[in-house]
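Data first, discussion second: the structure below is written as structure tokens.
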């Protein structure tokens with residue numbers, strides 16, 4: 002419908018050029034003739050009257066069909082759910098007792114004067130609007146075009162678009178230049194498997210889809226670009242999980258020239274994440290300046306070592322406490338065999354954990370075993386007024402309110418009174434709390450308690466979805482030990498600058514010395530998810546050669562894999578730094594979605610299959626022959 006503004010401020014409509022009106026607009030158009038289009042959401046036949054709820058992306062609008070027009074009324078009788086129609090007519094206010102306050106258009110209805118059937122619909126294989134018995138993931142993904150009709154999916158698409166708009170605005174305001182980098186690239190060791198694309202023109206040679214635009218953005222810095230960004234498509238052949246997409250994902254990729262300190266990058270991008278959390282998602286930011294292992298910033302900088310020792314993870318959820326407490330020295334002289342033979346002993350205190358049943362504790366024990374633990378020692382603490390009330394080991398406490406604790410546990414009797422006292426002093430349990438122990442090698446203890454910390458928080462609903470806890474994890478080890486390959490490997494990627502530069506690399510001769518090298522790398526974590534990885538880049542050819550040399554790779558290997566970047570570094574490469582944010586994972590957390598696949602319009606399933614397009618699939622042998630395969 003064509004509109005024009007007249008002098009008295011009223012809107013006048015020209016019915017000779019009637020254009021489609023969105024349903025939501027009808028609420029303000031009583032007395033006007035409009036045209037609306039959409040899907041039949043429901044139909045109700047009341048004899049001489051037919052009511053149809055018409056749905057478009059803005060919501061529902063009630064259509065009214067009178068039997069005065071037999072031809073149109075007959076067509077209306079044929080309408081079924083999800084038929085696509087266009088209706089023209091007069092908007093009128095509903096009678097007082099017939100208004101629907103539950104929808105924005107509930108005060109009006111459209112009396113249809115002309116109906117056009119645009120397309121029919123067969124019975125849907127899934128029911129997008131059913132409140133219960135939603136189809137499983139594979140069936141929804143097979144018919145994703147129907148699943149997208151759900152209001153939740155429509156809202157997700159809008160939210161994703163809005164997030165992209167905010168990102169573009171933020172980066173543009175800070176003089177970043179948006180540049181698209183190649184999709185067909187070369188294979189490089191960046192921590193995941195490549196997707197390979199055979200070349201027809203270059204026989205027996207392959208492109209690789211980029212795991213990230215890493216080399217290209219560094220080359221842009223050499224090319225004189227001061228600040229680069231893009232919302233980049235990235236491709237990694239990694240196993241999918243709830244927070245990781247298979248195949249393709251999207252990241253906000255950025256780089257800044259003449260930057261030699263990762264803190265400069267962190268300060269530049271931190272406000273964007275704050276804005277997305279508060280203004281975009283409407284959540285509350287937690288001030289973590291009082292965190293014991295942080296640097297005193299509201300968004301703390303935490304060393305990798307401190308994160309692993311305190312939370313058992315380099316991506317800790319900081320919306321709750323439950324820190325890992327070191328007890329190795331506390332039990333240095335213990336007689337308890339499990340503790341005595343352990344390299345490391347730590348514990349977590351689970352508030353109100355005494356409510357856990359034996360069956361539930363067994364389930365958590367299975368989780369601990371899956372992370373390498375031999376079992377899960379614990380002590381329940383229950384206040385008693387008299388030792389006769391105890392069911393376990395009695396721990397007297399000097400108090401006017403109660404006699405002491407009933408320590409209910411298979412472990413309690415094996416500890417001395419002194420050890421019990423030191424344990425209570427260290428852990429400070431309250432009535433109804435449970436202390437769970439990890440006793441093994443340090444990596445196993447950290448992994449077990451880090452996993453349990455997260456699982457207990459989920460069980461006791463400690464992860465408040467209205468809160469966002471950001472933190473930067475810094476000072477990552479440059480190299481790490483690969484247990485599977487029994488060798489050293491890169492901790493993140495080979496493109497970051499090791500702290501201490503070439504001197505630090507040249508002085509490292511043993512595996513232990515190599516493992517002690519720290520990279521100027523950092524991650525941002527949000528509510529237990531890694532959402533960003535970045536660092537100060539290596540722009541010195543000698544350093545890059547040495548980085549690979551310490552792992553046994555020759556200079557020729559480096560030149561083969563990174564020839565373009567190496568050559569570029571010889572012609573005046575400025576120092577530079579940058580990072581990349583996983584936008585899919587960020588959106589998942591900010592819209593309270595539990596599966597990252599639900600943040601894409603057309604995702605692959607948990608097996609990496611596009612069940613809608615039947616991809617991956619076999620191809621015509623003639624195509625393979627043309628490629629020399």
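In the working numbering, the protein residues as written are 2 to 630. Beta carbons are placed, not taken as given, at the ideal position from N, Cα and C, and that holds for glycine.
Practice task
Label residue 508 either buried or exposed according to how many other C-beta atoms from any shown protein chain fall within 10 Å of its C-beta, with 16 as the threshold for buried.
Solution key: exposed
Problem - Same chain, Cβ closer than 6 angstroms to residue 189, five either side skipped, listed in chain order - result: 562
Exercise for the section: Within the same chain, show all residues whose beta-carbon is closer than 7 angstroms to that of residue 127, passing over the 5 residues directly before and after it, in chain order. Expected result: 136, 140, 141, 144, 147, 148
Exercise for the section: Starting from the Cα of residue 607, find the closest Cα among 72, 138, 423 and give me that residue. Expected result: 138
Handout entry: Collapsed DSSP secondary structure at residue 229 in the structure displayed
Key = strand
Handout entry: CA-to-CA distance, residue 251 to residue 465, given in whole angstroms
Key = 27 angstroms
Exercise for the section: Taking 8 angstroms as the cut-off, decide whether the C-beta atoms of residue 106 and residue 32 are in contact. Expected result: no
Exercise for the section: Count the CB pairs spanning the region 152-171 and the region 585-598 that are closer than 8 angstroms, and state whether there are at least three. Expected result: yes
Exercise for the section: Please report the residue range of the beta strand (DSSP E) in which residue 474 lies. Expected result: 471-478
Problem - Distance, residue 331 Cα to residue 424 Cα - result: 8 angstroms
Problem - Spatially closest choice to residue 233 from 624, 339, 254, 433, by CA coordinates - result: 254
Exercise for the section: Counting only the same chain and skipping the five closest in sequence on each side, list residues whose C-beta sits under 6 angstroms from that of residue 384. Expected result: 403, 432
Problem - Own chain residues within Cβ distance below 7 angstroms of residue 609, not counting five before or after - result: 241, 247, 248
Problem - 7 angstroms CB neighbourhood of residue 243 in its chain, flanking five on each side removed - result: 595, 596, 597
Practice task
Reducing DSSP to helix, strand and coil, say where residue 382 ends up.
Solution key: strand
Practice task
Could you please give me the residues that DSSP links to residue 208 through a beta bridge?
Solution key: 198
Exercise for the section: Can you grab the Cα-Cα spacing for the pair residue 388 / residue 408, in whole Å? Expected result: 11 angstroms
Problem - Beta-carbon proximity of residue 324 to residue 441, cut-off 8 angstroms - result: no
Problem - Other residues of its chain near residue 116: CB distance less than 7 angstroms, five sequence neighbours each side excluded - result: 73, 76, 77, 86, 88
Exercise for the section: With residue 103 as the anchor, note down where its alpha helix (DSSP H) starts and where it stops. Expected result: From DSSP, residue 103 is part of no alpha helix (DSSP H); its letter is neither H nor E.
Problem - Residue range of the beta strand (DSSP E) that includes residue 124 - result: Neither: residue 124 is in no beta strand (DSSP E) and is coded neither H nor E.
Handout entry: Buried versus exposed, by CB contacts within 10 Å (16 or more), residue 216
Key = buried
Exercise for the section: Just grab the DSSP bridge partners of residue 497 for me. Expected result: 538
Problem - Opposing strand residues paired with residue 441 [DSSP bridges] - result: 345
Problem - 6 angstroms CB neighbourhood of residue 639 in its chain, flanking five on each side removed - result: The structure shown does not extend to residue 639, since the chain is modelled only from 2 to 630, so the question has no answer here.
Practice task
Could you tell me if residue 62 is buried or exposed, where buried requires 16 or more neighbouring beta carbons within 10 angstroms of its beta carbon?
Solution key: buried
Exercise for the section: Please confirm if the region 270-288 is in contact with the region 540-559, defined as three or more CB-CB distances below 8 angstroms between the two stretches. Expected result: no
Handout entry: Whole-angstrom C-beta distance between residue 452 and residue 349, which should lie under 8 angstroms
Key = In fact, because the Cβ distance is near 11 angstroms, the residues do not count as touching under 8 angstroms.
Exercise for the section: Give a yes or no on whether 8 angstroms exceeds the smallest Cβ distance from residue 157 to chain B. Expected result: Reference to chain B is not applicable here, since this structure consists of a single protein chain.
Problem - Residues that residue 21 bridges to, as DSSP identifies them - result: 36
Exercise for the section: Identify, in the order they occur along the chain, each residue of the same chain with its Cβ nearer than 7 angstroms to the Cβ of residue 83, setting aside the five sequence neighbours on each side. Expected result: 40, 41, 122, 125
Practice task
Grab me the residues of residue 328's own chain with a C-beta within less than 8 angstroms of its C-beta, minus the 5 sequence neighbours each way, in chain order.
Solution key: 346, 347, 348, 424, 427, 438
Exercise for the section: Measuring alpha carbon to alpha carbon, tell me which of 517, 299, 462, 282 ends up nearest residue 354. Expected result: 462
Practice task
Pull up the DSSP beta-bridge partners for residue 397, would you.
Solution key: 405
Practice task
Could you check what DSSP says for residue 451 in three-state terms: helix, strand or coil?
Solution key: helix
Exercise for the section: Take residue 405 and list the residues in its own chain whose beta-carbon comes closer than 7 angstroms to its own, dropping the five residues that flank it on each side. Expected result: 385, 395, 396, 397, 398
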